[in-house]
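This report refers to the structure that appears directly beneath it.
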Amino acid sequence: GGERGKGRALPGSASERRRLQREAAEYYHGLRVPERMEDALNALFPLPPQDLYGELANYFSKFSKAPVICKLVGRKVIDGVGEPTLEVEIYCTVKNYEKRICSSVMATHSQIPENSLPETIEADERERNDSVYTAVEWVSDSLNTMLRDLDPTDQCQKKKEIERQEKEIREEEESAKVTTSPASCRSAATPKQKKGRKPGKKVSEGTPISPAEPAEPVLCGSLAIGGTSLAIAKAGATISRVPLYLHTALLKHKETPKEITLPLPMVTVLYCEKNSPTKLKLVKEVMLIPPVELSLQQGIEIVQEIQKEMTRKMESPGKTPSSLKRISHLGCLITGYDSLEQVLLQLQAACNSLGLELGTDLYLAINCAAHELMDYDKGKYEILTGTFKSPDEMVAMYVEMIKNFPFIIALIDPLRKEDREQWSSICRALGSKCFLVAEDAATQISKLKTDQNINIQMCSGVVLKYINQTTVSDLIELTGILDGQRHISILGSPDRESSDESLVDLAVGLGARFLKLGGLSRGERVAKYNRLLAIEEELAANGALRTSFFLTLFSACHEYGHKDWREND
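Just so you know, the sequence shown maps onto residues 17 to 585 in the numbering used here.
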C-alpha cells in the first residue's frame, strides 16, 4: 500500500496546500475578485457606512447572476365573493438560494345573468371548480417544467414560452370537449323567449334582429395562462426593483416614461337589480367620475360623501324595505327604480345637499348592459317592465337622454354588439358628446387581437378585463392597437374580483384613460382604490405625475371640430 501511494501528495501536505492555493488564485483572479474587493474597500472607506458588511453585500450583489425561475406553484384560493380561483406563486434562484418572489391571484368573470335558473348557476359553479382544479395542475406541472430557468425580466422569452403553452392548450381544445358557460349563448336561453322561437327569426312586426353571437369558448383551466403571465410580470418588476406600473410601461413603450397620467376612476355608486320588483331595467350601474382638476384623493373623498348622503336618504323614515341599504358584489349600494329620471334626481339631490353640481363638480357614466335586456321573442329591448324598444328606438332614446342630461359623459353597452348598424348611428349622433363604450364585446380578447375592427370602429373605446387566458402581452398589444386608432382603453374589474391589486398597476402602466373598479366598499375593491392613491402619491413625490389631461373622444368629434369637454387648460 505504501508503494502505491508513493509520489502523491497526501491530504494536508505542503504540496497539496500549494496546489490548492494556485488553483484558488487562478479561480478568483479569473473572476476579478481581488480587483473588485479592492475597489469596494476603496469606495466604502470614505463613507464609512454604519453596516459595513451589509454595504459590501450590496456592492457585490450587482456582480451576481440574474435570478431565474426555479419553481411555479399553483394553488386554489378564495376570491372576494367566496368562490374558488387560482393563485400562482413564483420562486426564483437568487444568489444560490430558492426564494419566493411574488404571487398573483386571478379574478374571474361570470357570463351567467342574475336571473338565471338555479340549475344553470349550479352548473356554472361546477365548471368553475373544475377549471380551477385543472389550472392548479397545469401551473404546478407543465408550466413549472416549461418555465424553469427562465429570466422573469426577459419579456420576449417569457412571451414565447407562454404562447407555446397556449398553443398546446388550443390544440387540446380542438381534440377535447371545450366548456362554455351554460348561459354563454344568450340567444338559446333568454328569459322572455318562447319555446320554438329562434333568435334572429323574423318577428311579428316584420323586423329581423341579429341573433346573439355565442360567447367565446373558455377552455377548462385557462386561468393558468393569465395567472402565470401576471405572476411573471410581477416577478420581473420585483427583481428589477421597480413598481409593476413602471415595469409595464417599459414593456409597452420600450423606455420608462418621464411623466405618467393616471386613469380617471369610474366609481360605481348604485347597482340596479334588473330582476327587482321596480320597473327600471335600462340601468345596471351608475358611476361617478371626478373632474380632472382634483387629485384622485380629493375626487374619491367627494364620491364617498355622495355615497354616504344617498345612504342616509335611503335609510330615512318612510322608505320601503327594498330601499334599505344592501351592498352588491361590486361594492356599492343595491337598489331599484321605476324610471331613469328617478335615479338621476336622487343623485342630483345628494349632490345638491353637499353643494355639488353634476356636470361641473362630477360627471356620470351609466352601464346599460343592453345585451341583458333583449327579448328575442319580441325582437326588442325591455327598458322598463312591459315597455319595449327596437334598436332604432333605443338610439333615439339615448339621443334624447344626453340632450336632457348632458352630465352623462359615458354610456357602456348601450346596445348589443350585434346591432352594428345602430352602433354606427349612435356614434354619429352622440360620438362628440359622450363616450360610447363596449364592455360585453371586449370579453373576446383573442378576437379583438385577430380582427381589430370588431366593434372598435363603432365606439369610443372598450373595457378590457384580465381574465382566463388573457396575458400581459395581450393587453400591451391591444392597448397599442386602441391607441393607434385613437380609441380609449378602460381596464375593468370582473364580477368576481380578488384581493390582487395588479389591475391598477397594469392600467397605469398601459396608459388606460379610465379605471372601472366598482364601488368603495368590499375589501378586494377598496384595496385597488388604495393602490391607485398610493401610486398618485408616489408619482407626485417623484415629480412624475402629469397634471394636464386631455381625453380623446370618439374620432368623429375631431373630424367635425367639436371641442372636447376635457379641454379645460
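Glycine is no exception: its CB is placed at the ideal position from the N, C-alpha and C atoms.
Whole-angstrom C-beta distance between residue j and residue i, which should lie under 8 Å
i	j	result
glycine 96	glutamate 388	So it is not a contact: roughly 22 Å between Cβ atoms.
leucine 260	alanine 249	7 Å
lysine 297	glutamate 398	6 Å
glutamine 171	leucine 267	5 Å
asparagine 160	leucine 239	That belief does not hold up - the Cβ atoms of asparagine 160 and leucine 239 are roughly 15 Å apart, past 8 Å.
leucine 286	valine 302	4 Å
Per DSSP, cross-strand counterpart(s) of residue i
i	result
threonine 109	Val84, Glu114
cysteine 288	Thr351
leucine 378	Leu374
phenylalanine 451	Ala426
threonine 101	Val93
isoleucine 137	None, per the DSSP bridge assignment.
asparagine 383	Glu301, Ile428
arginine 512	Thr124
aspartate 391	Lys396
phenylalanine 530	Leu280, Ile506
isoleucine 343	Leu349
leucine 480	Leu507
serine 119	Glu105
Spatial distance of residue i from residue j (CA atoms)
i	j	result
valine 155	asparagine 145	16 Å
arginine 33	glycine 46	20 Å
glycine 534	threonine 284	5 Å
leucine 235	leucine 68	54 Å
alanine 381	glutamate 177	40 Å
valine 84	lysine 115	10 Å
isoleucine 483	methionine 122	7 Å
phenylalanine 61	lysine 532	53 Å
phenylalanine 79	glutamate 39	21 Å
arginine 35	proline 50	19 Å
glutamate 232	leucine 480	15 Å
serine 77	serine 245	27 Å
aspartate 456	aspartate 435	13 Å
valine 543	cysteine 108	A small correction: the amino acid at residue 543 is alanine; valine does not occupy that position in the sequence shown. Taking the straight line from one Cα to the other gives about 27 Å.
valine 104	proline 224	47 Å
arginine 164	arginine 257	21 Å
isoleucine 241	proline 422	42 Å
alanine 30	leucine 63	41 Å
glycine 402	lysine 394	11 Å
isoleucine 276	arginine 502	18 Å
serine 344	arginine 512	11 Å
valine 308	leucine 378	10 Å
leucine 346	glutamate 517	15 Å
arginine 142	glycine 237	13 Å
methionine 330	glutamine 313	26 Å
proline 273	alanine 560	9 Å
leucine 340	serine 509	With a pLDDT of 49 at leucine 340, under the threshold of 50, the predicted position of this residue should be treated as unreliable, though the coordinate-derived value follows. About 26 Å.
isoleucine 424	alanine 386	17 Å
valine 524	arginine 562	12 Å
leucine 452	isoleucine 442	8 Å
arginine 342	lysine 290	15 Å
threonine 593	proline 293	In this structure the chain extends from 17 to 585, so residue 593 is not present and cannot be described.
Beta-carbon spacing of residue i, residue j below 8 Å
i	j	result
cysteine 384	proline 430	yes
serine 514	methionine 474	no
leucine 372	isoleucine 318	yes
leucine 356	valine 411	no
methionine 282	isoleucine 316	no
glycine 477	leucine 498	yes
leucine 361	glutamate 325	no
glutamine 8	leucine 548	As shown, the chain starts at 17 and ends at 585. That puts residue 8 outside it, with no answer to give.
valine 152	arginine 91	yes
glutamine 358	leucine 374	no
phenylalanine 530	isoleucine 551	no
threonine 169	isoleucine 255	yes
cysteine 450	isoleucine 418	yes
valine 415	alanine 445	yes
leucine 464	leucine 494	yes
Beta strand (DSSP E) segment containing residue i, residue limits
i	result
methionine 474	Per DSSP, methionine 474 belongs to no beta strand (DSSP E) and is neither H nor E.
asparagine 558	Taken as a continuous stretch (DSSP letters only), asparagine 558 belongs to no beta strand (DSSP E), as it is neither H nor E.
glutamate 301	301-305
glutamate 398	396-400
threonine 294	Premise fails: threonine 294 is in no beta strand (DSSP E) and is neither H nor E.
threonine 403	403-405
Limits of the unbroken alpha helix (DSSP H) element including residue i
i	result
leucine 360	356-369
cysteine 443	436-446
proline 50	49-60
isoleucine 318	312-330
glycine 46	30-46
alanine 228	Here alanine 228 belongs to no alpha helix (DSSP H), and DSSP marks it neither H nor E.
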